[in-house]
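Position 121 of the sequence shown, counted from 1, bears residue number 131 in this note's numbering, the numbering being contiguous throughout.
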Amino acid sequence: MSLDSQTLRDLVEERLPRGQVRAIQSAHKDPDRFDQYLALLQERVGWDEPIVLPFGEHLHIVAKGAGRYVVKCDCGHEFCEYTDNWKLESLIHVRDTEEALREIYPEKMHGDPRWNVLREYFCPGCKTLLEVEAVPPGYPVIHDFVPDLEGFYEEWLGRELPG
């Protein structure tokens with residue numbers, strides 16, 4: 011299924027009806043979809059370093075040159091090398107009391123803070139909420155994954171990793 015740039019933009023901005031989204035997700039992808047998506051993401055940010063991989067909502071892996079890649083927020087805040095855990099450089103709010111959990115959950119609908127806390131990770135630059143973890147108290151900060159940039163570009167896309 012080939013998407014025009016406006017349909018792709020509407021998909022990213024969640025303006026398409028559910029049925030159309032499902033059809034797009036289920037269909038074969040046009041060969042340049044990834045490049046179209048990167049171009050759309052790139053035009054939405056105010057900085058020039060090339061995005062090489064989307065890394066989550068509002069987060070991107072960008073090429074800094076000389077084979078260096080960092081995690082960067084939409085606002086331009088740079089966290090760390092993409093192989094490190096960006097969460098350790100974020101602002102962290104821990105909801106570890108009934109009162110804090112009640113700010114977002116109705117009464118008796120939240121977990122027991124003695125067993126489960128919510129950690130909210132925010133960008134230090136723009137204060138955007140980037141991720142939430144539900145973990146036992148004292149659990150280490152989760153390092154979600156380290157993407158294989160070279161493998162993705164060379165084996166999946168059939169070209170060299172930019173930067």
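Cβ atoms here follow ideal geometry from the backbone N, Cα and C, with glycine treated the same way.
In the assembly as shown, Ile71 is a buried residue. Its beta-carbon has 16 or more other beta-carbons within 10 Å. Shown here for Leu26: same chain residues with a beta carbon closer than 8 Å to its own, the five before and five after excluded, namely Thr17, Asp20, Ile34 in chain order. Under the criterion of beta carbons closer than 8 Å, Val142 and Arg129 qualify as touching, at roughly 7 Å. For the beta strand (DSSP E) assignment, the uninterrupted runs of no fewer than 3 residues enclosed by the region 26-79 are, from N- to C-terminal side, 61-66, 69-75.
DSSP links His120 through a beta bridge to no other residue. Under the criterion of beta carbons closer than 8 Å, Cys83 and Thr138 qualify as touching, at roughly 7 Å. Counted as a single uninterrupted DSSP element, the beta strand (DSSP E) harbouring Arg105 occupies residues 101-105. Secondary structure at Arg129: strand, using DSSP grouped into helix, strand and coil.
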